[in-house]
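Numbering (this note's numbering), first residue to last: 84 to 176.
Structure, as structure tokens:
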């Protein structure tokens, strides 16, 4: 049945289609996982819509790559992902 369904495609087209389906499946599974975990942000901060520059801005300036909002802790300090060693003032955690 699948052979008949995709027999009109070339090998490279079949490969591209498989990659497309795999990406869609992975995205769906990440969405499902994210919806089951409170405060999860996989897609918002790590999704395909983010660029390398937006990821760098996230680390350096605490800018959310999706909303462009600078994220802060409740005490007002900028959230710089100190626990991962990206900031010299790790004592503020």
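Don't be surprised by glycine CBs; every beta carbon is placed ideally from N, CA and C.
Test item: CB-CB of residue i and residue j under 8 angstroms
i, j, result
"residue 142", "residue 153", "no"
"residue 128", "residue 149", "yes"
"residue 115", "residue 126", "no"
"residue 79", "residue 97", "Outside the modelled stretch of the chain, which goes from 84 to 176, sits residue 79, for which no answer is possible."
Counterpart residues of residue i in DSSP-defined beta bridges
i, result
"residue 153", "146"
Buried/exposed call for residue i, threshold 16 Cβ in 10 Å
i, result
"residue 92", "exposed"
"residue 167", "With a pLDDT of 48 at residue 167, under the threshold of 50, the modelled position of this residue cannot be trusted, and the question is left open."
- Kindly provide the ranges of any alpha helix (DSSP H) runs that are 4 or more residues long and lie completely inside the segment 105 to 138, ordered along the chain. 125 to 129
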